[in-house]
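**Q**
Numbering (mature numbering (1 follows the signal peptide of the UniProt record, and there is no 0)), first residue to last: -27 to -1, 1 to 221.
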């Protein structure tokens, strides 16, 4: 007679116990709410970072790092040894409730990619990182006007306008004062306007205005077209000195 197969004792299931062990360890979940934040230079920024964990908070560890826009290959820990954040950064709420931080008196150098990392063993730490892009907005600096060309009748002259800073990138416009020519506009760090086949009517004051959402500034150049040695307009073609009209 073949041996009888032993039946598994009832009331001692194996699978449920294994499942309980798998689900006894949760995962830290991080959310930032906003993928990008903009703030005017000198203002205060709030970088949101919230987390959910099922474990005790006795081993909670929160780390913020930043990859500066000016140094994309040098991620750094916010605070700590970075003196540029001293007295300007801190937790907005008790860390046990939220990993959100504040950043006061923002500077242009604060622009970059910020990462909020939350670890709370024994909960697994995936996904446990939130990413926020911070952009510090800056009004245009006072523009600088310059020119290139002889300014002789029938010749060409190139007028340039540039700013040292401005975020977002300023929009530039050139115009003659009083206006009698179409306005030249462009959106770059430097704006060029070219006038060809110069005549006496081209002479005059030309103003460049740089503007973005935070403000504007202007500079001006005096253009004098030379009509030749015997002409009434002899003299300097383009006045090398420029007049800065100020920043709003």
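Note that the Cβ used here is the ideal one computed from N, Cα and C, for glycine as well. On a predicted model such as this, the values are computed, not experimentally measured, just so you know.
(1) Identify whether residue 31 lies in helix, strand or coil by the three-state DSSP scheme.
(2) Could you tell me which residues DSSP pairs with residue 62 in its beta bridges?
(3) Out of 199, 89 and 8, which one is the CA nearest neighbour of residue 48?
(4) Taking 8 Å as the limit between beta carbons, can you name the residues of its chain near residue 33, skipping five residues before and five after?
(5) Going by C-alpha to C-alpha distance, which of 1, 125, 136 and 132 sits closest to residue 174?
(6) Helix, strand or coil for residue 182, going by three-state DSSP, please let me know.
(7) Can you give me the Cβ contacts of residue 15 inside the same chain, cut-off strictly under 7 Å, excluding the 5 residues immediately before and after it?
(8) Rounding to the nearest angstrom, what Cα-Cα distance links residue 105 and residue 74 in this structure?
(9) Taking Cβ to Cβ, would you say residue 181 is nearer than 8 Å to residue 116?
(10) What three-state label does DSSP hand residue 173 in the structure shown?
(11) Just verifying my parser: in three-state terms, what is the DSSP assignment at residue 57?
(12) How should residue 121 be labelled, buried or exposed, when 16 other C-beta atoms within 10 angstroms of its C-beta is the threshold for buried?
(13) Cα separation between residue 193 and residue 118?
(14) Check for me: the beta strand (DSSP E) holding residue 136 runs from which residue to which?
(15) Excluding the 5 residues preceding and the 5 following residue 9 in the sequence, name in chain order all residues of the same chain whose CB lies nearer than 8 Å to its CB.
(16) Quick check on residue 120: does DSSP put it in helix, strand or coil?
(17) Closest by CA to residue 148, which one among 135, 128, 177 and 3?
(18) Comparing alpha-carbon positions, which option in 199, 183, 96 and 164 lies nearest residue 30?
(19) From which residue to which residue does the beta strand (DSSP E) around residue 111 run?
(20) Just confirm the distance between the C-beta atoms of residue 76 and residue 130, as a whole number of angstroms; I'd bet it's less than 8 Å.
(21) Which residue's Cα is closest to the Cα of residue 45: 99, 101 and 87?
(22) Would you tell me roughly how many angstroms separate the C-alpha atoms of residue 133 and residue 164, rounded to the nearest one?
(23) Look up residue 125 in the DSSP assignment and give the residues it is bridged to.
(24) Give the DSSP bridge partners of residue 97, in chain order.
(25) Considering only their Cβ atoms, is the gap separating residue 43 from residue -2 smaller than 8 Å?
(26) On a Cα-Cα basis, can you pick out the residue from 179, 196 and 146 that is closest to residue 123?
**A** This is what the structure gives:
(1) Correct three-state label for residue 31: helix.
(2) Beta-bridge partners assigned by DSSP to residue 62: 76.
(3) The option with the nearest alpha carbon to residue 48 is 89.
(4) The beta carbon of residue 33 is closer than 8 Å to those of 26, 68, 69, 91, 92 and 93 in its chain, skipping five residues each way along the sequence.
(5) Of 1, 125, 136 and 132, the residue nearest in Cα terms is 125.
(6) Looking at residue 182 - three-state DSSP - the assignment turns out to be strand.
(7) 78 and 79.
(8) Looking at the two C-alpha atoms, the distance is approximately 12 Å.
(9) For the 8 Å CB-CB criterion, residue 181 and residue 116 form a contact.
(10) The DSSP-derived three-state label of residue 173 is helix.
(11) DSSP places residue 57 in helix when its eight states are reduced to three.
(12) Residue 121 comes out exposed.
(13) If I take the Cα positions, the gap works out to 6 Å.
(14) First-last for residue 136: undefined, no H or E at that position.
(15) For residue 9, where only same-chain residues beyond five positions count, the Cβ hits under 8 Å are 105, 106, 107 and 108.
(16) Note: residue 120 maps to strand in three-state DSSP.
(17) Closest option to residue 148, Cα to Cα, is 177.
(18) For the residues 199, 183, 96 and 164, the minimum Cα distance to residue 30 belongs to 96.
(19) Boundaries for residue 111: no beta strand (DSSP E) harbours it, and the DSSP string shows neither H nor E there.
(20) Their Cβ separation, rounded to whole angstroms, is 46 Å, which puts residue 76 and residue 130 out of contact at 8 Å.
(21) The residue among 99, 101 and 87 with its C-alpha nearest the C-alpha of residue 45 is 87.
(22) The C-alpha of residue 133 lies about 6 Å from the C-alpha of residue 164.
(23) The partner list for residue 125 (beta bridge, DSSP) reads 199.
(24) Answer is -1.
(25) No, these two residues do not count as a Cβ contact at 8 Å.
(26) Across the set 179, 196 and 146, the C-alpha of 196 shows the shortest separation from the C-alpha of residue 123.
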